[in-house]
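Chains A and B, in that order, give the protein sequences. Terminal number for the first sequence in our numbering: 278, no gaps in between. Terminal number for the second sequence in our numbering: 556, no gaps in between.
2 protein chains.
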Amino acid sequence: MEIRLAKSYGFCFGVKRAIKIAEESPNSKTFGPLIHNKNEIERLAKNFNVGLVENLEEIEPKSRIIVRTHGIPKDQLKFLQSQDVEIIDATCPFVTKPQEIVEKMSKEGYSIVIFGDRNHPEIKGVMSYAKDPIVVLSVEELKEYLPKLKERVATVAQTTRKFQEYQKIVLFLMEHKKEVRVFNTICNATFENQDAARELSKEADVMIIIGGKNSSNTKQLYRICKEHCKDSYLVENRDELKPEWFVNKKVCGITAGASTPNWIIEEVIEKIRKLEYN
Amino acid sequence: MEIRLAKSYGFCFGVKRAIKIAEESPNSKTFGPLIHNKNEIERLAKNFNVGLVENLEEIEPKSRIIVRTHGIPKDQLKFLQSQDVEIIDATCPFVTKPQEIVEKMSKEGYSIVIFGDRNHPEIKGVMSYAKDPIVVLSVEELKEYLPKLKERVATVAQTTRKFQEYQKIVLFLMEHKKEVRVFNTICNATFENQDAARELSKEADVMIIIGGKNSSNTKQLYRICKEHCKDSYLVENRDELKPEWFVNKKVCGITAGASTPNWIIEEVIEKIRKLEYN
Numbered sequence: 001m002e003i004r005l006a007k008s009y010g011f012c013f014g015v016k017r018a019i020k021i022a023e024e025s026p027n028s029k030t031f032g033p034l035i036h037n038k039n040e041i042e043r044l045a046k047n048f049n050v051g052l053v054e055n056l057e058e059i060e061p062k063s064r065i066i067v068r069t070h071g072i073p074k075d076q077l078k079f080l081q082s083q084d085v086e087i088i089d090a091t092c093p094f095v096t097k098p099q100e101i102v103e104k105m106s107k108e109g110y111s112i113v114i115f116g117d118r119n120h121p122e123i124k125g126v127m128s129y130a131k132d133p134i135v136v137l138s139v140e141e142l143k144e145y146l147p148k149l150k151e152r153v154a155t156v157a158q159t160t161r162k163f164q165e166y167q168k169i170v171l172f173l174m175e176h177k178k179e180v181r182v183f184n185t186i187c188n189a190t191f192e193n194q195d196a197a198r199e200l201s202k203e204a205d206v207m208i209i210i211g212g213k214n215s216s217n218t219k220q221l222y223r224i225c226k227e228h229c230k231d232s233y234l235v236e237n238r239d240e241l242k243p244e245w246f247v248n249k250k251v252c253g254i255t256a257g258a259s260t261p262n263w264i265i266e267e268v269i270e271k272i273r274k275l276e277y278n
Numbered sequence: 279m280e281i282r283l284a285k286s287y288g289f290c291f292g293v294k295r296a297i298k299i300a301e302e303s304p305n306s307k308t309f310g311p312l313i314h315n316k317n318e319i320e321r322l323a324k325n326f327n328v329g330l331v332e333n334l335e336e337i338e339p340k341s342r343i344i345v346r347t348h349g350i351p352k353d354q355l356k357f358l359q360s361q362d363v364e365i366i367d368a369t370c371p372f373v374t375k376p377q378e379i380v381e382k383m384s385k386e387g388y389s390i391v392i393f394g395d396r397n398h399p400e401i402k403g404v405m406s407y408a409k410d411p412i413v414v415l416s417v418e419e420l421k422e423y424l425p426k427l428k429e430r431v432a433t434v435a436q437t438t439r440k441f442q443e444y445q446k447i448v449l450f451l452m453e454h455k456k457e458v459r460v461f462n463t464i465c466n467a468t469f470e471n472q473d474a475a476r477e478l479s480k481e482a483d484v485m486i487i488i489g490g491k492n493s494s495n496t497k498q499l500y501r502i503c504k505e506h507c508k509d510s511y512l513v514e515n516r517d518e519l520k521p522e523w524f525v526n527k528k529v530c531g532i533t534a535g536a537s538t539p540n541w542i543i544e545e546v547i548e549k550i551r552k553l554e555y556n
């Protein structure tokens, strides 16, 4: 049986980069969980003594503090800078970008519209760099804020939002404002994983999707695969694999959710190979 | 019978303004026809001695030259400025705006996309203020130019284009470029006349649409009125009115195409009132 990996799967660029930074910064502490994956955070703690602080008050002098992928609000960064600590910035560059944009656009006098979720850490960070930003998830919400906006509006989007939804926000702004400055800050990583899973599931006899059973992006991958390959299975780790899934199969496709580290994927592949020979 | 005028009809703001400027500048010459209306140009010649030159070579020293509503290309303006003539600028402010925008955006390093017709005088003028502008009428055309564009694009539209078509251009740019700076330079005058004609035709027993029979915007007004009022008639002037149209009618609605001067409209109204009493 041939095992094929999706062209794009698992961690995105920003998460891979943050983990590499953490591995290269032993005996440090992340301010908030580095990424949304408990197994990986435990591994970093065990192998590299990378700890975790949840509040600014817990931070001790002379410590090394890693800023996580989502970034942090400006006032928190300023506080860290004022302390006697080493700051290691693992903010995803795709998140730093909208922070820089809204700061610059606010200075140039534009009203700022952020398309995203105001409760998400990434957006809390981005908001903190803007002057009086409007944060919305839909045109309906935006309508209410319209009278507050100047004729010159600059807009950015949360990196994980759907592009088509962002377009609706822009079309609405265009209808009502003289100048709309549109920055496409959406990151394609999630959609690349989905496209690659779709493609692979068309060729595979059996598809294994690795990821958390309560992870929404993993479940989305499973749904996509199931559409094209009826023998699609979602597993959290190698222990859930069943030998009968692979009987008389020629091609086994593998993909993984955005919060699944490579070592879990490798363990699954190794186990599938073993099942074959037993 | 009550005669009701549409809330918006005939000349737009820019044309009214240009005619006022011409009336206040006797013994001058327009460089190219001031507006697209022969009757009105004849009236200005007769009453105010406002003449016409078609080529830069014809311009005589010490003359007063009126720049028409559509504006002119930058090199022609510079030539005029270098001559011993008085320049009177009747360029519509809604046309001056995109000229200024593309000039500024070119200087700031943006690629320029103009949504409009490269053969229209307005767009020839706007183009002349941009560095290497791309001028397109559709997404299909734009696709071919995509590789030529930088990641930062600024876009303007011809004042008379449909907003929905401009939105398509913007959506396409958003999909392919990091920053799209959208300036809404479309003028609503044409659409305001159409909306007002639609509204009035729903209330009227008979609708009179005044304008050239080969004028596309007048014919469009006629089509809109005919939809809601079966007794709709398109006339070029008062001589075409027929008494039987008004028999037993309670409300007569009046609208006029964008190239119809007020004095023609007034003559028509006067004639309708006379027909009633005869």
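Every residue, glycine too, gets a C-beta built ideally from N, C-alpha and C. All of these numbers come straight from a predicted model, not from anything done at the bench.
Cut-off 7 Å between Cβ atoms - residues of its own chain near residue i, not counting five sequence neighbours on either side
| i | result |
| --- | --- |
| residue 559 of chain B | Given that chain B is displayed from residue 279 to residue 556, the structure contains no residue 559 of chain B and the question cannot be resolved. |
| residue 448 of chain B | 433, 458 and 460 |
| residue 520 of chain B | none |
| residue 63 of chain A | 29 and 85 |
| residue 354 of chain B | 334 |
| residue 163 of chain A | 186 |
| residue 357 of chain B | 334 |
Contacts around residue i, its chain only, beta-carbon distance under 6 Å, and the 5 residues preceding and following it disregarded
| i | result |
| --- | --- |
| residue 527 of chain B | 279, 483 and 484 |
| residue 315 of chain B | 537 |
| residue 352 of chain B | 406 and 407 |
| residue 191 of chain A | none |
| residue 285 of chain B | 474 |
| residue 149 of chain A | 111 |
| residue 592 of chain B | Because chain B in this structure spans residues 279 to 556, residue 592 of chain B falls outside the shown range and cannot be described. |
8 Å Cβ cutoff met for residue i and residue j
| i | j | result |
| --- | --- | --- |
| residue 524 of chain B | residue 502 of chain B | no |
| residue 11 of chain A | residue 456 of chain B | no |
| residue 218 of chain A | residue 209 of chain A | yes |
| residue 22 of chain A | residue 56 of chain A | no |
| residue 135 of chain A | residue 161 of chain A | no |
| residue 306 of chain B | residue 350 of chain B | no |
| residue 317 of chain B | residue 539 of chain B | yes |
| residue 259 of chain A | residue 35 of chain A | yes |
| residue 287 of chain B | residue 515 of chain B | no |
| residue 489 of chain B | residue 534 of chain B | yes |
| residue 4 of chain A | residue 254 of chain A | yes |
| residue 420 of chain B | residue 450 of chain B | yes |
Candidates the options: closest to residue i by CA position
| i | options | result |
| --- | --- | --- |
| residue 214 of chain A | A:80, A:235 and A:194 | A:235 |
| residue 265 of chain A | A:240, A:251 and A:276 | A:240 |
| residue 499 of chain B | B:474, B:395 and B:555 | B:474 |
| residue 167 of chain A | A:137, A:84 and A:70 | A:137 |
| residue 380 of chain B | B:417, B:545 and B:411 | B:411 |
| residue 400 of chain B | B:370, B:427 and B:357 | B:370 |
| residue 304 of chain B | B:286, B:329 and B:293 | B:329 |
| residue 297 of chain B | B:338, B:554, B:386 and B:366 | B:366 |
| residue 230 of chain A | A:6, A:81, A:252 and A:79 | A:252 |
| residue 174 of chain A | A:157, A:146, A:163 and A:188 | A:146 |
| residue 139 of chain A | A:176, A:7 and A:17 | A:176 |
| residue 125 of chain A | A:190, A:49, A:68 and A:143 | A:68 |
| residue 339 of chain B | B:383, B:332, B:319 and B:360 | B:360 |
| residue 409 of chain B | B:294, B:505 and B:385 | B:385 |
| residue 481 of chain B | B:427, B:504 and B:436 | B:504 |
| residue 337 of chain B | B:319, B:310, B:320 and B:469 | B:310 |
| residue 467 of chain B | B:332, B:291, B:494 and B:532 | B:291 |
| residue 99 of chain A | A:157, A:144, A:216 and A:109 | A:157 |
| residue 15 of chain A | A:54, A:90, A:42 and A:53 | A:90 |
Residue-level contact to chain B via CB, residue i, 8 Å cutoff
| i | result |
| --- | --- |
| residue 167 of chain A | yes |
| residue 184 of chain A | yes |
| residue 178 of chain A | yes |
Beta carbon proximity, residue i to chain A, threshold 8 Å
| i | result |
| --- | --- |
| residue 334 of chain B | no |
| residue 452 of chain B | yes |
| residue 459 of chain B | yes |
| residue 449 of chain B | yes |
Cβ neighbours of residue i in the same chain (closer than 8 Å, five flanking residues each side left out)
| i | result |
| --- | --- |
| residue 275 of chain A | 241, 243 and 246 |
Any C-beta of chain E under 8 Å from that of residue i
| i | result |
| --- | --- |
| residue 300 of chain B | Looking at the structure shown, chain E is missing, and the protein chains on hand are A and B. |
Would you say the stretch 103-114 of chain A touches the stretch 150-158 of chain A, given that touching needs at least three Cβ pairs under 8 Å?
-> Taking one beta carbon from each stretch, the stretch 103-114 of chain A and the stretch 150-158 of chain A have 3 or more pairs nearer than 8 Å; the two touch.
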